[in-house]
Structure formats: structure tokens, C-alpha cells
Amino acid sequence: MQRWIKLPNGTFLDANRVVLIGKVETFAKLDDEGNNAGVQYSVSLQTELDREHQLLVAGTREEISALVRSLLGAQGGAPAPAAS
């Protein structure tokens, strides 16, 4: 079963194909004139182990945290009960 998630740039990705979620990185975001426009966040995703299948997704803190949560299957609200 496919589980489609929307990336910050508007494209969609099947979350079940992601095999690696990299570390969330931060960098300075610049506007068209080169002025500091705040902080930008990015995360690396791989859909296969080959380097050609690596994506670098950038966005705001809220967009990247929502993306990582949806990839990990977080439901929001109370945590799921522990399996025994």
C-alpha cells in the first residue's frame, strides 16, 4: 500500500520507499539581494541505497518537522501504547 506525503516544494513522495532519513541541517537563507532572510532547514532523504536516489528537501522549520513526523508515522496527540 502506498502512503503519499507532500514535500514542501509541492511534489509527492511515497513514504514507504524512503530507506534513509538524514540529519536535519540548518543554514542561512538569503533573499534575492543577498540579505539575511532567516534560517532555512533541510533534510536528506534516500529512496534507495544508490546515491542517484537521494533528495535534499528544504523548507521552514514547521515544514521540515511535519515532513519528518509524517515519514516516521507520528499521529499527533498522545503517544501510542507500548507493545508487550
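In the numbering used here, the protein residues as written are -9 to 74.
Backbone N, C-alpha and C fix where the C-beta goes; we use that ideal spot for every residue, glycine too.
| task | At 3 residues or longer, and completely inside the stretch 18 to 44: list those beta strand (DSSP E) runs for me, N to C. | result | If only uninterrupted beta strand (DSSP E) runs of at least 3 residues are considered, those enclosed by the stretch 18 to 44 are 26 to 36.
*asked:* On the criterion of 16 or more Cβ atoms from any shown chain inside 10 Å, does L10 qualify as buried, or is it exposed?
replied: L10 is classed as exposed because its beta carbon has fewer than 16 other beta carbons within 10 Å across all chains shown.
| message | Going by DSSP in three states, L46 sits in which element: helix, strand or coil? | response | Of the three classes helix, strand and coil, the one that applies to L46 here is strand, per DSSP.
Original post:
How many angstroms separate the CA atom of R59 from the CA atom of R41?
Top reply: Straight through space, the alpha carbons of R41 and R59 are spaced by roughly 24 Å.
*Skipping 5 residues on each side, what residues in its chain have a beta carbon closer than 7 Å to that of D4?*
The answer, listed in chain order, is Q(-8), R(-7), W(-6).
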